[in-house]
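The listed protein sequences derive, respectively, from chains V and E.
Numbers 4 to 184, taken from the numbering used here, label the letters of the first sequence in order.
Numbers 4 to 184, taken from the numbering used here, label the letters of the second sequence in order.
Number of protein chains: 2
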Amino acid sequence: MPATQSDTPTLSAWETSTIDVFVRAASLIGLPRSIGEIYGLLFCTPEALSFDELVERLQISKGSVSQGLKVLRQLGAVKLHYVPGSRRDHYQPELSMKRLVRGFIKDQFEPHLLSGSQRLDNIEALIQEEGDRASRDHALSRLGTLRSWQKRTRKLMPIVMAVLGGAKFFDKEPTDQETII
Amino acid sequence: MPATQSDTPTLSAWETSTIDVFVRAASLIGLPRSIGEIYGLLFCTPEALSFDELVERLQISKGSVSQGLKVLRQLGAVKLHYVPGSRRDHYQPELSMKRLVRGFIKDQFEPHLLSGSQRLDNIEALIQEEGDRASRDHALSRLGTLRSWQKRTRKLMPIVMAVLGGAKFFDKEPTDQETII
DNA sequence: CATTTTGTTCAAGTTTTTTTGAACAAAGTT
DNA sequence: AACTTTGTTCAAAAAAACTTGAACAAAATG
Numbered sequence: 004m005p006a007t008q009s010d011t012p013t014l015s016a017w018e019t020s021t022i023d024v025f026v027r028a029a030s031l032i033g034l035p036r037s038i039g040e041i042y043g044l045l046f047c048t049p050e051a052l053s054f055d056e057l058v059e060r061l062q063i064s065k066g067s068v069s070q071g072l073k074v075l076r077q078l079g080a081v082k083l084h085y086v087p088g089s090r091r092d093h094y095q096p097e098l099s100m101k102r103l104v105r106g107f108i109k110d111q112f113e114p115h116l117l118s119g120s121q122r123l124d125n126i127e128a129l130i131q132e133e134g135d136r137a138s139r140d141h142a143l144s145r146l147g148t149l150r151s152w153q154k155r156t157r158k159l160m161p162i163v164m165a166v167l168g169g170a171k172f173f174d175k176e177p178t179d180q181e182t183i184i
Numbered sequence: 004m005p006a007t008q009s010d011t012p013t014l015s016a017w018e019t020s021t022i023d024v025f026v027r028a029a030s031l032i033g034l035p036r037s038i039g040e041i042y043g044l045l046f047c048t049p050e051a052l053s054f055d056e057l058v059e060r061l062q063i064s065k066g067s068v069s070q071g072l073k074v075l076r077q078l079g080a081v082k083l084h085y086v087p088g089s090r091r092d093h094y095q096p097e098l099s100m101k102r103l104v105r106g107f108i109k110d111q112f113e114p115h116l117l118s119g120s121q122r123l124d125n126i127e128a129l130i131q132e133e134g135d136r137a138s139r140d141h142a143l144s145r146l147g148t149l150r151s152w153q154k155r156t157r158k159l160m161p162i163v164m165a166v167l168g169g170a171k172f173f174d175k176e177p178t179d180q181e182t183i184i
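Written out as structure tokens, the structure is:
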């Protein structure tokens, strides 16, 4: 069989524009263009799409699609959809804003907050090395500011989730020295 | 006068660590390292700092400091502080989390939301070019999803600001109610 | 078990972003 | 007016992030 030479992958006009919206959104939250494209095309398409269909329709490399889907899976932004009679994985977009936001927060935000806590404890120790009293006092005051910001950020998360649909986030007391990772 | 040859700009240990926290935070919200460094040093220092002091203590170029301060001013993250007897501009950090967040949202977030609205209207028009009924219906349904996401995002902003402003929504138990706001 | 299908990995190439520093402008001094 | 101080601009260099594609692995098929 001669391979079909030039199958225009033709995304329709509205699909192109919609994908563009997701490319921008991705960039806004620090994700690469290819991830916006992949999620965008899944978002536009009624049926679940396979790996190959993403490569072909978006005209991007297998490597990009593979890595992009990996991140999207990790974020919970795409779901595997079993298609009978096909060995390929098929993907569908997560359409719940709440779940999308939760995935993003848990994956990209929470880790920074947690590691942040340890860093601040560390800084507190370093401040003790400061020579004079006035310096230490000022430094401790700023550290207090930092801790209050962190606390308020933590407080915000559950409220955000609640507004988006009603879920809880940081139920526990997070400030422990021996907190695991 | 012979110029002092090698004045170690020596940031103290706690300053270095604190600046590191801001460099990470900057990167998290998509701002370059140098901006994190500048804000971080201002945050650490009791007195207002001049342009030159930032260049010298951080050991980064004048260009970076100039551009960094420009962005920070635009975000409302630093304030000019008049120092009598000096021609130089002196800078102090904005320490109110609420104002910092508001500056960021207004400058980096809202514009995208607004241009987003126009884009969605545009997409609606493009959808009319779709050939068959079923395609149009599906596309319109997805457009509806997009609009609902946008609406909820808008709704969220004032709530975030209210929480950061000190308004106490739920002081004790976090988020269990169905009656938010 | 050899082959094909499906998808991942990663080094190298490409693109984008950030930083630098020299030239320039604006305003203050002498 | 000439000179100094202060800070901005922008083209080029450097660094970082992203994408590609070929080699590879894993599993299904014949």
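Quick reminder that beta carbons are idealized off the backbone N, C-alpha and C, glycines included.
Mind checking who residue i pairs with in its DSSP beta bridge?
i               : result
Tyr94 (chain E) : E:Leu52 and E:Leu83
Taking its Cβ as the centre, do 16 or more other Cβ atoms sit within 10 Å of residue i, making it buried, or is it exposed?
i                : result
Gln153 (chain V) : buried
Ala80 (chain V)  : buried
Arg136 (chain V) : exposed
Ala128 (chain E) : exposed
Arg157 (chain E) : exposed
Thr21 (chain E)  : buried
Val166 (chain E) : buried
Glu97 (chain V)  : buried
Pro161 (chain V) : buried
Val86 (chain V)  : exposed
Gly33 (chain E)  : exposed
Gly119 (chain E) : buried
Leu14 (chain E)  : buried
Looking at the structure shown, is residue i part of a helix, part of a strand, or coil, going by DSSP?
i                : result
Thr19 (chain E)  : helix
Thr148 (chain V) : helix
Gln131 (chain V) : coil
Gln62 (chain V)  : coil
Thr156 (chain V) : helix
Gly88 (chain V)  : coil
Leu14 (chain E)  : coil
Gly119 (chain E) : helix
Ile32 (chain E)  : coil
To which residues of the same chain is residue i closer than 7 angstroms at the C-beta, ignoring the five residues directly before and after it?
i                : result
Ile38 (chain E)  : Ala29, Gly71, Val74 and Leu75
Gly168 (chain V) : Lys101
Asp110 (chain E) : Gln77 and Leu78
Ala142 (chain E) : Ile130 and Glu133
Gly106 (chain E) : Leu78, Gly79 and Ala80
Leu103 (chain V) : Ala80 and Glu97
Ser99 (chain V)  : none
Leu149 (chain V) : Leu123
Glu113 (chain V) : none
Following the continuous alpha helix (DSSP H) through residue i, name the residue where it begins and the one where it ends.
i                : result
Gly66 (chain E)  : Lys65 to Leu78
Phe46 (chain E)  : Arg36 to Cys47
Leu103 (chain E) : Met100 to Phe107
Which same chain residues end up closer than 6 angstroms to residue i when comparing Cβ atoms and leaving out the 5 residues on each side of it in sequence?
i                : result
Leu58 (chain E)  : The residue you asked about is not Leu; residue 58 (chain E) is Val in the sequence shown. Counting only Cβ-Cβ distances below 6 angstroms, and skipping sequence neighbours, we find Lys65 and Val68.
His84 (chain V)  : Ala51, His93 and Gln95
Ile63 (chain E)  : Ser37
Leu116 (chain E) : none
Phe25 (chain V)  : Gly39, Tyr42 and Gly43
Gln121 (chain V) : none
With a threshold of 8 angstroms on Cβ separation, who are the neighbours of residue i within its own chain once the five nearest residues in sequence on each side are excluded?
i                : result
Arg221 (chain V) : Absent from the model: residue 221 (chain V). The displayed extent of chain V is 4 to 184, so no value can be given.
Trp17 (chain E)  : Cys47
Arg27 (chain E)  : Gly39
Leu31 (chain V)  : none
Arg187 (chain V) : Examination of residue 187 (chain V) is not possible in this model, given that chain V is present from 4 through 184 alone.
Leu2 (chain V)   : Absent from the structure is residue 2 (chain V), since the part of chain V shown begins at 4 and ends at 184.
Sorry if obvious, but does the Cβ on residue i come closer than 7 angstroms to a heavy atom of the ligand COA?
i               : result
Asp55 (chain E) : Of ligands this structure carries none, so the ligand COA is not represented either.
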